[in-house]
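Trainee: Structure provided below as structure tokens; questions to follow.
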Amino acid sequence: MHSRNTSGCRPATCTAEAHETLEEAAFTEPLACVVWGIERLRPTPGDRVLIFGAGPIGGLLTAMLNLSSTADVTVVDVMDEKLQIARTMGARATFVGGPQLRSQLLDRTQGRRYDIVVDCTGIPSVIEGLFAYAGAAARIMFFGVAPQAAEITIRPFDVYRHDWQILGSMAINYTFQQARDLLAAGRIDVKPLITQVVGLDDVAAILGRPKTAMELKTLVQPNMN
């Protein structure tokens, strides 16, 4: 006799804890992306970290790095208002991008470069500039979404000489449950990243206007109107 195993599929389910708001639970997917990015970066206590971009992903990454006991997280953005949120998320220092940025960053570290440098902007010129801040054996991560056809220039000799690791991180990789657990336990406070909560009736108007620079996350609550 031959036996036959029968298997079936069912939709994945994800429920919010009783004490957790739906607004907080809505951050599960982006936080899962950041959890995978952290696994790729493998931060260690004492690492000096430099993040370019203080949007939602930059904010979540800053918060996660603080959980890993990373000693020092510095965030750079072109808007001071976003940098205020980055400080709320745990950034030890923040700088507005500009001509003096390199000297300001190196002055703060007494000339030492960074152990981890991450782009969360997707801007090719910013990505190309990451390497100027990377120290020996640094991990350099491309987290922002650059245009598909964009190109940057890298000096291979520098990668060899400084023993750099260049990493990419795009999406979740079996990290959804870890993100759920972090949010349910209150380990990551996402409230500073929520710009507004709107109803379904407001969606068309919001999508029909240009996004402002200070909009981080707009959440839609179907039963709000």
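Each step along the sequence shown adds one to the number in the numbering used here, with nothing skipped, and position 128 is 1324. Glycine included, each C-beta is placed from N, C-alpha and C at the ideal position. Model, not experiment: these values are computed from the prediction.
Do L1389 and P1252 come within 8 Å of each other at the CB atom, strictly closer than that value?
Mentor: Their beta carbons are under 8 Å apart, which means P1252 touches L1389 by this criterion.
Trainee: Applying the criterion that 16 or more other CB atoms from any shown protein chain within 10 Å of the CB defines a buried residue, is Y1310 buried or exposed?
Mentor: Flag for Y1310 reads buried.
Trainee: Are I1336 and L1256 close, meaning C-beta to C-beta below 8 Å?
Mentor: Contact: no.
Trainee: Start and end of the alpha helix (DSSP H) containing I1281?
Mentor: Note, I1281: alpha helix (DSSP H), 1276-1284.
Trainee: I need the DSSP call for V1399, collapsed to helix, strand or coil.
Mentor: Looking at V1399 - three-state DSSP - the assignment turns out to be helix.
Trainee: For E1411, count neighbouring C-beta atoms within 10 Å of its own C-beta (all shown protein chains included) and say buried if the count is 16 or more, exposed if not.
Mentor: It counts as exposed.
Trainee: What does the Cβ neighbour count give for A1250, buried or exposed, with the cut at 16 atoms within 10 Å?
Mentor: Burial call: buried.
Trainee: Going residue by residue through the region 1228-1306, where are the continuous beta strand (DSSP E) segments of at least 3 residues, counting only ones entirely within it?
Mentor: Fully enclosed beta strand (DSSP E) runs of 3 or longer: 1244-1248, 1268-1273, 1289-1292.
Trainee: Note down the Cα distance separating L1301 from R1236, rounded to an integer number of angstroms.
Mentor: Cα-Cα distance, rounded: 24 Å.
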